[in-house]
Amino acid sequence: MTTKSLIHRTLIACALGLFVAGSTANAAGKPKIGIAMPTVEGDWYSAVLYGAETEAEKLGYEVVVLDAGGFGHPEKQVDQISNLIVQQVKAILTDPIDPATLDGAVRTAHQTGIPVIGLGTPVISANIEPDAAATSSQCQLGELMADGAKRLLPNGGTIAALAGPPGAYWATERYACFVKSIAGAKIDIVAERNSEEDPATALSIANDLLQRFPKVSLFYAADDTYGVGAGRAIQQAGRCGAVQVLMAGFGKAAEDTMRGGCAQFVVAQRTVLIGRTASDLADKLARGETPASRLVEVPFLSITPDHVGEVPLADIRQPADWKP
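Heads up: the sequence shown is residues -27 to -1, 1 to 297, going by mature numbering (1 follows the signal peptide of the UniProt record, and there is no 0).
In structure tokens form, the structure reads like this:
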């Protein structure tokens, strides 16, 4: 037996033992739902967590939220999911840093009867059918961003890409489908950068790219963290409108950037609705019900400055005073 197999079997045994030993104690209090996030920083993560947490609480659950601290810590997310299994939660919601790394943890959850629900990104495990996911297709989002690029650059042009966190599944899939969809449109990508999700870092990178490529037409921003940074760099250079910004996500800072004329096209996920839907799926599975659909794809919104005031914000953004 390999060391890896031994560790995996030990984890299963411990989880099963603790599951049985603690069942009486849990029966006295509220049932728990666990949420394992790659990070709780940033508009998207706060909004999806708000939707999931408030819906789960409304359904009568105590919510346990664990934060891996960023996309550079997939092993920590695995450990946190294992921790939630030991806590005997009724279901686990997770936005996987890298779905492939969760294989062992998902198997353990299944063997202890705990469903694992994708929160924004499906959870894929080898030889195990996914329990459920509330998501929006990352590839479709990339394709819609490509449609936006074609609308903004009808005669062609150049793009500098702030492509997202290195190794993050959602960013890689989104960007790959964007690149594929602009092929043949006389649009050239002249620069591509990956970085952690931080507006200050995005601003610094965008400043550098503006200096290196002064004739760039458009910034692609993997989400609004990067889009806000790019918009601020363009604003500081006095070039809002001359250099355009295309981004995913519509947090408050992204809205302000668009209203200020420094962002021209946004593809927004209904992030709060994704979180609510994931908790609804978790509740049904925890109670032994079969959802009408195990994969619920929540539709996108394409936003331009012309109708920025018509956006249904309750589906997209948490209240201003809510903090994770």
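C-beta atoms are modelled at their ideal positions from N, C-alpha and C, and glycine is treated no differently.
Whose C-beta lies closer than 6 Å to the C-beta of residue i among residues of the same chain, with five residues either side of it excluded?
i      : result
GLU28  : ARG249 and SER252
ALA259 : LYS63 and ALA64
In its own chain, which residues sit with a C-beta less than 8 Å from the C-beta of residue i, not counting the 5 before and 5 after it?
i     : result
VAL13 : SER19, LEU22, VAL38, ASP40 and PRO297
Which of helix, strand or coil does DSSP assign to residue i?
i       : result
LEU114  : helix
SER154  : helix
LEU274  : strand
ILE70   : coil
GLU228  : helix
ILE289  : coil
GLY(-6) : Any reading at GLY(-6) must be qualified, since the residue scores a pLDDT of 45, below 50, and its modelled position is unreliable; the value itself is stated next. Note: GLY(-6) maps to coil in three-state DSSP.
LYS296  : coil
Please name the residue, chosen from the options, that lies closest to residue i on a Cα-to-Cα basis.
i           : options                          : result
GLY93       : ASN167, MET10 and ILE101         : MET10
GLY222      : GLY234, VAL245 and GLN208        : VAL245
residue 298 : ALA175, SER177 and LEU135        : Outside the displayed span of the chain (-27 to 297) sits residue 298, for which this structure offers no information.
ASP279      : GLU228, ALA173, VAL216 and ILE54 : GLU228
residue 298 : VAL201, ALA99, PRO69 and ALA287  : Within the shown structure, residues of the chain are numbered from -27 to 297, placing residue 298 beyond reach of any answer.
GLY77       : VAL62, ALA144 and VAL51          : VAL51
THR277      : ALA25, GLN237, LEU57 and LEU191  : GLN237
THR230      : SER109, VAL218 and ARG80         : VAL218
TRP143      : THR108, ALA156 and GLY121        : THR108
PRO264      : GLN53, PRO103 and GLU283         : PRO103
Which partner residues does residue i have in the DSSP bridge list?
i      : result
LYS63  : The partner list for LYS63 (beta bridge, DSSP) is empty, contrary to what the question assumes.
LEU184 : Checking the displayed sequence, the identity of residue 184 turns out to be Gln instead of Leu. GLN184 pairs with nothing; no bridge assigned.
GLN217 : LEU191
ALA241 : LEU274
Sorted by chain position, which residues of the same chain lie with C-beta nearer than 7 Å to residue i's C-beta, five sequence neighbours on each side aside?
i      : result
CYS112 : GLU146 and CYS150
GLU30  : VAL36
ASP256 : LEU32
GLY224 : ASP16, ASP197 and ARG290
ARG80  : SER98 and ILE101
Is residue i close to chain C? Criterion is C-beta to C-beta, closer than 8 Å.
i     : result
GLN84 : Note that chain C does not occur in the displayed structure, where there is just one protein chain.
**Message:** My parser needs the alpha helix (DSSP H) runs of 4 or more residues fully inside the segment 82 to 145; what are they?
**Reply:** 111 to 125
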